[in-house]
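Residue numbers (this note's numbering): 1 to 397. Glycine included, each C-beta is placed from N, C-alpha and C at the ideal position. Only a predicted model underlies this, so the values are computations on that prediction, with no experimental measurement involved. Let me begin by presenting the structure, written as structure tokens, before commenting on it.
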């Protein structure tokens, strides 16, 4: 059987063309399409054999979520496929955004399920995070700006979920910058996803309070780390490193943090990294009670928290990793045009390509123009946030 039906990036293929690394979303059973309860990548040959033994003849594969080396890419000829290693793949920005949206949606659903189960007092199986963490790592390794796409998709809603996802992506990206082992990246990703798990037991009125917390309310908020200790103790299969990322992101170098008051080298590298990443993402998030900071402004605060709170050398490494004006951030140019940092790879941090769409001088949207700061006297005046200008940059990403 050689039938291949394509619908966007999801294709229907015969079972004998199914290969390791492909992301299966549905199967054809008794001539009907059946969505898989837990879609995911084929990691073992046994899974393919099991499908064949179940008389499955065709499967539905999401090619954008499949591994780049899975051995199957649609060619220009009908009903034909080619080896992806035979050509250099061209990944468009739109494709990266779409991939990020899929991953974001999957992560949201998974974390929502975990939060609900934990709230009900149920134990959860940590192995269900493995595939998600692996995909996060693969996404970041395939495209170093992937996490910035996720940041661009941020909304004001479901902050707890999105913050957890962003922290996981930032930890992977930071860890990759520091050339940490891939298994370390995976464990940190899991810890990042779970790092605020204790907040599910914090009083909602305090958790979502749109004003500064009173001293008593802040003490209650701090309990989320003690709640997390209980949850971590009841979670089977969770590595110590993942637990550390979860339980150490409020510790301080000088020993004045919580929940254990760890000091200096008592906080391992991954614990110190989680402190930096958590604060950075919180500062650059827009909440109902505060505007989002630009990355550049957030970096200044991170530096001000050294060396008593944060590891100074790690903060500077993080700034080098992210860049003063990361791809996806909003900047004001010296000619008063506003734009999105569009491309920065292989350039110095002050001369990216900027996608301009708004004039601060004339207070109006303008024709979209790409400005290469290496080829003009115009420069970046400062990083800005959408709320500070009252504009919506989302349509221009």
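Backbone CA spacing between residue 18 and residue 182 [nearest angstrom] = The count along the chain shown starts at 1 and reaches residue 18 at position 18. The count along the chain shown starts at 1 and reaches residue 182 at position 182. A direct Cα-to-Cα measurement between residue 18 and residue 182 gives close to 26 Å.
request  = Quick one: grab the DSSP three-state call for residue 26.
outcome  = As a working note, residue 26 is residue 26 in the chain shown. Here residue 26 sits in strand by DSSP.
ask   = For residue 165, which residues of its own chain have a beta-carbon under 6 Å away from its beta-carbon, when the five flanking residues on both sides are left out?
value = If you number the chain shown from 1, residue 165 lands on position 165. Closer than 6 Å at Cβ, skipping near neighbours: 107.
task = Please report the residue range of the beta strand (DSSP E) in which residue 355 lies.
result = Translated into positions along the chain shown, residue 355 becomes position 355. If you look at residue 355, you'll find it in the beta strand (DSSP E) that goes 353-359.
ask   = Would DSSP call residue 337 helix, strand or coil?
value = For the purposes of this step, residue 337 is taken as residue 337 along the chain shown, with counting starting at 1. Assignment of residue 337 by DSSP, reduced to helix, strand and coil, places it in the strand class.
query = Is the beta carbon of residue 381 less than 8 Å from the beta carbon of residue 334?
reply = Taking the first residue of the chain shown as position 1, residue 381 is located at position 381. Taking the first residue of the chain shown as position 1, residue 334 is located at position 334. For residue 381 and residue 334, yes; Cβs fall inside 8 Å.
message = Quick check: the Cα distance between residue 395 and residue 312, rounded to an integer number of angstroms?
response = Taking the first residue of the chain shown as 1, we reach residue 395 at position 395. Taking the first residue of the chain shown as 1, we reach residue 312 at position 312. Going by the C-alpha atoms only, they are around 37 Å apart.
key: Simplified DSSP state of residue 383, which is helix, strand or coil   = What you label residue 383 is simply residue 383 of the chain shown in a count that begins at 1. Correct three-state label for residue 383: strand.
task = Decide if the stretch 207-217 is in contact with the stretch 234-245; the criterion is three or more beta carbon pairs, one per stretch, under 8 Å apart.
result = No, they do not touch.
query = Near residue 349, which residues of its chain fall below 7 Å by C-beta distance, leaving aside the five closest residues on each side in sequence?
reply = Counting from 1 along the chain shown, the entry for residue 349 is found at position 349. Result list for residue 349: 323, 324 and 325, in chain order.
query = So, using beta-carbon positions, are residue 168 and residue 200 closer together than 8 Å?
reply = Here residue 168 corresponds to residue number 168 of the chain shown, with the count starting at 1. Here residue 200 corresponds to residue number 200 of the chain shown, with the count starting at 1. The Cβ atoms of residue 168 and residue 200 lie no closer than 8 Å to each other.
message = Ignoring anything shorter than 4 residues, give me the alpha helix (DSSP H) runs that lie fully in the stretch 176-207, in order along the chain.
response = DSSP assignment within the stretch 176-207 yields the following whole alpha helix (DSSP H) runs of 4 residues or more, N-terminal first: 182-194 and 204-207.
query = Which of the three DSSP states, helix, strand or coil, is assigned to residue 317?
reply = On the chain shown, position 317 is the one that residue 317 refers to. In the structure shown, residue 317 sits in a helix (DSSP, three-state: H, G or I).
message = Short of 7 Å in beta carbon distance, which residues of its chain neighbour residue 339, apart from the five on each side in sequence? Order them along the chain.
response = One-based indexing of the chain shown puts residue 339 at position 339. Counting only Cβ-Cβ distances below 7 Å, and skipping sequence neighbours, we find 331, 333, 354, 355, 356, 357 and 371.
Three-way DSSP call (helix, strand, coil) for residue 370 in this model = Walking along the chain shown from the start, residue 370 turns up at place 370. It is a strand residue.
ask   = Taking residue 301 as the reference, which of 289, 288 and 278 has the closest Cα?
value = As a working mapping, residue 301 is identified with position 301 in the chain shown. Nearest option by C-alpha distance: 278.
ask   = Just how far apart, CA to CA, sit residue 191 and residue 57?
value = In the chain shown, residue 191 corresponds to position 191, counting from 1. In the chain shown, residue 57 corresponds to position 57, counting from 1. Taking the straight line from one Cα to the other gives about 39 Å.
query = Any idea what DSSP makes of residue 326, helix, strand or coil?
reply = Translated into positions along the chain shown, residue 326 becomes position 326. Judged by DSSP in its simplified three-state form, residue 326 adopts coil rather than helix or strand.
Cβ pair count under 8 Å reaching 3, the stretch 314-323 against the stretch 170-184 = With a cut-off of 8 Å, the stretch 170-184 and the stretch 314-323 count as touching, because enough Cβ pairs lie within range.
key: First through last residue of the alpha helix (DSSP H) which encompasses residue 303   = Looking up residue 303 in the chain shown gives position 303. Its alpha helix (DSSP H) spans residues 295-304.
message = Between which residues of its own chain and residue 386 is the CB-CB distance below 7 Å, once the five residues before and five after are set aside?
response = The count along the chain shown starts at 1 and reaches residue 386 at position 386. Closer than 7 Å at the Cβ level, and outside the excluded window around residue 386, lie 330, 392 and 393.
request  = Using three-state DSSP, classify residue 11 as helix, strand or coil.
outcome  = Locating residue 11 in the chain shown gives position 11, counting from the first residue. Reduced to three states, the DSSP call for residue 11 is strand.
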